[in-house]
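See structure below.
Residue numbers (my numbering), protein chains in the order written: chain E, 113 to 246; chain D, 1425 to 1611; chain G, 6 to 202.
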């Protein structure tokens, strides 16, 4: 479902929305993206990207976000190589998630590059955040 | 009176074995037994939270004392391809972690274990894999493959804390080893 | 009953040596390489103690000398047989089995400390023979480690047998050998156990 971005921001920042959105601290990031040209945000797009398979010349020829994080955002994942436990992505299960913008940007940079071979666009990042924010 | 001689013998012994140790104990506080104990068979525990967070998010935060400075410099300059993964950091964090690594590297540590790691590495080498350094290989050369690479709970020699229960505190004492599915290994 | 005369059997050198050795060996055994400096110094002390005891075994008081308690294997075996038959003679100094134990312990401790010093050189490039070894470990390190561990544990075995022997001997001849090693005195011989041939 496509939501006009401005309306989305309003919804997200009202206290009433603490029922609908688990946390509102991704606001600042989304505002930054808005200032960089993002007008619409789509959680479905985010989900689609999350599950999409990308090809690589490196050690793992097929890569997806779900390779480490799994498709179930409420479940723990594990690092594809080391097996180290990765806490669930969903803030509803793991309240620490999506609270530290610096951390979010760091992992976007690393993991987009590993999975997709390039950095994510701001549109993609916004879509991801909307999808993950449950 | 009956026990005088025996007691003085015991006291003499204790004095004999502790005084030279305490006397020559360089810059470490001789009252700090915890640190001293680790100095023998382990390496320094790194408590720096940034280091533990950044370098421990995908694997155990390896102690800087396990590789020489040259290795760390090489590793930190190639984080986009960190053993096939992307481990890039922002410039500030990268700098502070590099500083920490170099200050505590194997060639700068006075921990016995670290010195052993360092001594076996050629000065011109800058190995990136701890598990491929000569001292590491020497210490692990009797372990059957099925217990490590063939063991789904371990998988690799890089996975120190799978068997070394106190690896994250820098201790690799043989008495703390429990190989999953096989049990202890103190020979 | 008239209290028997107390005879000074174990001189202070023997006793001080004995209890220092007990402490030093105990400390060495429990510290292993976890407290290597302490362990090494305990080892050096043991070497020193052994040197003193061996010298004393030639020039010391009567019961401290090897000549008093070193016997031929046949004598030792005969003594053991007699002990089993509860008719062994009582000795004021070390009996033949005890004498054999002294020699075995000296041997085992020398083997342990020697292998230890070599091992220190091989694995740590430290200690008196540090410069015999150019690089860490290798074949020597492993072999020496095994040797050192073996003799350390063999010594422990000897210690257990030694303690058992002391207990058995104390019971059979109704005396307190522990007390004797603490204050040096044993009651004079008033018993009439005879050694059978």
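Note that CB positions come from ideal geometry on N, CA and C, so glycine has one too.
**Q.** 6 Å CB neighbourhood of residue 1454/D in its chain, flanking five on each side removed
**A.** Because the pLDDT of residue 1454/D is 38, which lies under 50, any placement of that residue in the model is unreliable, and the number read from its coordinates should be weighed accordingly. Same-chain partners within the cutoff: 1446.
### Message
Considering just the uninterrupted stretch of the alpha helix (DSSP H) at residue 1540/D, what are its terminal residues?
### Response
1536-1543
request  = For residue 200/G, I'd like the list of residues in its chain whose CB is within less than 6 Å of its CB, leaving aside the five on either flank, ordered along the chain.
outcome  = Low per-residue confidence applies at residue 200/G: pLDDT is 34, beneath 50, and the placement is therefore not dependable, though the value from the model is reported in the following sentence. So the qualifying residues of the chain are 94.
With distances taken Cα to Cα, identify the nearest neighbour of residue 17/G among 188/G, 194/G, 105/G.
188/G
**OP:** Could you tell me the distance, in whole angstroms, from the CA atom of residue 1589/D to the CA atom of residue 1596/D?
**Re:** 8 Å
Between the C-alpha atoms of residue 37/G and residue 1473/D, what's the straight-line distance to the nearest angstrom?
-> 33 Å
Straight-line Cα distance separating residue 42/G from residue 1458/D | Model confidence at residue 1458/D stands at a pLDDT of 42, short of 50, so the residue's coordinates are unreliable; what they give is reported in the following sentence. Between residue 1458/D and residue 42/G, the C-alpha separation is close to 15 Å.
Report task. Please name the residue, chosen from 1489/D, 1502/D, 1509/D, that lies closest to residue 1524/D on a Cα-to-Cα basis. Result -> 1489/D
Considering residue 208/E, what are the terminal residues of the beta strand (DSSP E) in which it resides? Segment: none, residue 208/E is in no beta strand (DSSP E) and carries neither H nor E.
ask   = From residue 54/G to residue 63/G, what does the alpha carbon distance come to, in whole angstroms?
value = 15 Å
ask   = How about residue 191/E: is its C-beta nearer than 7 Å to some C-beta of chain D?
value = yes
Selection of the stretch 1514-1536 of chain D by Cβ proximity to chain G, strictly under 9 Å: 1536
- Among 243/E, 158/E, 228/E, nearest to residue 165/E - alpha-carbon criterion: 228/E
Determine, using beta carbons only, whether residue 93/E and residue 170/E come nearer to each other than 7 Å. Past the boundaries of the shown model lies residue 93/E; chain E is included only from 113 to 246, so the question cannot be answered.
Q) Is residue 239/E near residue 154/E, with beta carbons less than 7 Å apart? A) yes
*Would you please verify whether the beta carbon of residue 1538/D is less than 7 Å from any beta carbon of chain G?*
no
Practice item. Leaving aside the five residues before and after residue 242/E along the sequence, list all residues of the same chain whose C-beta is less than 6 Å from its C-beta, in chain order. Key: 153, 155, 158
Just the Cα atoms here: how many angstroms apart are residue 1585/D and residue 1604/D? 11 Å
(Q) Using beta carbons (cut-off 7 Å, strictly below), is residue 1485/D in contact with chain G? (A) no
For a cutoff of 7 Å on Cβ pairs, would you count residue 1444/D as touching chain G? yes
Is there a C-beta anywhere in chain G that falls below 7 Å from the one on residue 1547/D?
no
At the 7 Å Cβ level, is residue 38/G part of the contact set with chain D, yes or no? yes
Give me the Cβ distance between residue 1434/D and residue 24/G, rounded to the nearest whole Å; I'm assuming they're in contact under 8 Å. 6 Å
Name the one or two DSSP bridge partners that residue 1603/D has. 1607/D
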